[in-house]
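Asks:
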Amino acid sequence: LGYRLGCCAILGIWVCWDSIWGYSRFYQLTIGGRAAFPVFRGIGGLLLLHWFWAFSTFIWSRYRVNYIFLFEFDPRFIRSPKMIFNSAVDQTLVYLVLMLLYYKAGCDDIWHIIPAGGYAFLLVCYTIHQLIFPWHIRKPLWISIKSTISTPFVSPSFFTCYIADVLTSMIKVFLDLAWTTCYIFSGDFLSAEENHKTEWKNWQNRILYTQVLIPLICLFPLLIRFLQCVRRYMDTKKRFPNLANALKYALSQTVTLFGAFHPLILFHERHENAVTSLKNVEIFQMFWFGLFILSSLYSFVWDVYMDWGLGRPKHAYLGPRLMFPNIHYYYVVIVADLFLRMSWLTTLIPPNSGANFALPAYLSSVTMSLELLRRTLWGFFRLENEHRHSTEGFRRVDFVPLHFSTGHNHKYDTKKAAMETRVIIEISVFVVAVIAVCISSVISAQSAAQSK
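For what it's worth, our numbering labels the leading residue of the sequence shown as 2, then goes sequentially.
Set out below in structure tokens:
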């Protein structure tokens, strides 16, 4: 493991050195400026998530957080943290080698045995293979992902809710994977690097891609998590915390819709090469920014107080029976989560949204990595809190079913039926209200654009 880690470090330094040297000496584009870089960035996000998962299992095992029980894993197929690290190192070696070959081919430093984009294609093939095989290890993950996507038709488990939360942190990764899919199936990876602006098909600028696919990718993970909260309310009949948690994801969806249908985007699509004054959309921008801040603070408070069980004044604004030895860890992560939550919301804003507070494209790799890091830190304390006491009633031991049925009608049957009807009515009203807010955000954006 140490030898291969050293190889990874050398290859990483090699790629960075060649990019810096090529740019300063020959004014060549860095790896981040190359045409197929989104392929490497998206797959790099998956690889980084693999590393963070290995690190998570190591931390949970080290401090005796029983993630195997909480996630309801089959112990026969559980891999040790060392095995996961070994797998991540092997995949990183292949990733860095193909990235280096891609960069060298684009700089004409090696023979053109295959087009430069061919190395990106090989990386995609290798990644697909690793996501499927060995099947006996990957199968439980894909079954859990299927259950997660099947929301609200199935009752969510703690693990499927955890997966859905992770998916909300992978929006930038999914955007790059969507770009990669179009890049491969359009055949653009076979084109020469220097001619990509003239030879590539114009799929990146089509409305189906920019105004349909991209917003859907941004919204879909949030929608899954929103529906899980609604389904939990149906199962438990508890408004709190389920509807309050659903509201958190509804706010995030609204931020995404405002970004997807921003007046600047719609105006420039209708009036090509037009120049607009920011004063025309100043009110819209201010409202969007206020919604942005509100959603960030809401999510931050929920992370600390509900997901982690911290923020209790009588415990020095932490919680009882902490499992990690140094209390300073908690304070550091709480402060980091506040700032990283702001970074996470920027990942919900579709590219080229026109927002004053949207980060430039070259920082997307940084925001993607920071969000995956934040989700990993969130996972440490989320499982610790669930281990200490079942916060949302996911544990089976908290519910003991009756072993008999008399077949008679009792008063509690009538009360139960009435409660189920009330729950359905409340859910319908809540969902309709959320949909109405989403639709109104789209209409307001279009009206602001038409007023120009």
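Backbone N, C-alpha and C define an ideal beta-carbon position, used for all residues, glycine too. This structure is a prediction, so every number in the text was calculated from the model and none was measured.
Tell me which residue opens and which closes the alpha helix (DSSP H) that Gly107 is part of.
Replies: 82-107
Asks: Mind checking Cys230: buried by the 16 CB within 10 Å criterion, or exposed?
Replies: buried
Asks: Which residues does DSSP list as the beta-bridge partners of Arg313?
Replies: The partner list for Arg313 (beta bridge, DSSP) reads Leu319.
Asks: Would you mind giving the Cβ-Cβ distance between Trp113 and Ala89, rounded to the nearest angstrom? I have them listed as a contact below 8 Å.
Replies: Looking at the sequence shown, residue 113 is not Trp but His. About 31 Å separates the beta carbon of His113 from that of Ala89, a gap too long to meet the 8 Å contact definition.
Asks: Between Val336 and Ser296, which are expected to be in contact by the criterion C-beta below 8 Å, what is the C-beta distance as a whole number of angstroms?
Replies: That belief does not hold up - the Cβ atoms of Val336 and Ser296 are roughly 19 Å apart, past 8 Å.
Asks: For Asn386, does the count of other Cβ atoms within 10 angstroms reach 16, so buried, or fall short, so exposed?
Replies: buried
Asks: Distance check for Ile138 and Phe78, CA to CA, integer angstroms please.
Replies: 6 Å
Asks: Mind the definition here: the stretch 98-107 touches the stretch 46-60 only if three or more C-beta pairs lie below 8 Å; say whether that holds.
Replies: no
Asks: Spell out a yes or no on whether the stretch 32-40 and the stretch 177-184 are touching, meaning 3 or more CB-CB pairs, one atom from each, closer than 8 Å.
Replies: They touch, by the three-pair rule.
Asks: Please check the pair Arg35 and Gly119, which I expect to be a contact at CB under 8 Å, by giving their CB distance rounded to whole angstroms.
Replies: Distance from Arg35 to Gly119 at the Cβ level is roughly 13 Å; contact not present, criterion being Cβ atoms closer than 8 Å.
Asks: Leu341 to Lys173, Cα distance in whole Å?
Replies: Looking at the backbone, the Cα of Leu341 and that of Lys173 are separated by about 15 Å.
Asks: By DSSP, does Lys491 sit in helix, in strand, or in coil?
Replies: Outside the displayed range of the chain (2 to 453) lies residue 491, so it cannot be described from this structure.
Asks: Note down the Cα distance separating Met235 from Met369, rounded to an integer number of angstroms.
Replies: 34 Å
Asks: My understanding is that Leu132 touches Val16, with C-beta atoms under 8 Å, so please give their C-beta distance in whole angstroms.
Replies: About 23 Å separates the beta carbons of Leu132 and Val16, which is beyond the 8 Å limit, so they are not a contact pair.
Asks: Given a cut-off of 8 Å on the beta-carbon distance, is the pair Ile44 and Thr128 in contact?
Replies: yes
Asks: Please classify Val435: is it buried, with 16 or more other beta-carbons within 10 angstroms of its beta-carbon, or exposed?
Replies: buried
Asks: What does a CB cutoff of less than 6 Å around Ser366 pick up in its chain, not counting 5 residues either side in sequence?
Replies: Arg42
Asks: Relative to the alpha-carbon of Leu384, which residue among Asn67, Arg226, Val334 has its alpha-carbon at the smallest distance?
Replies: Asn67
Asks: Please identify the residue among Cys162, Phe293, Phe134 whose C-alpha is closest to the C-alpha of Ile146.
Replies: Cys162
Asks: CA-CA distance, Ser253 and Cys183?
Replies: C-alpha separation (whole angstroms): 27 Å.
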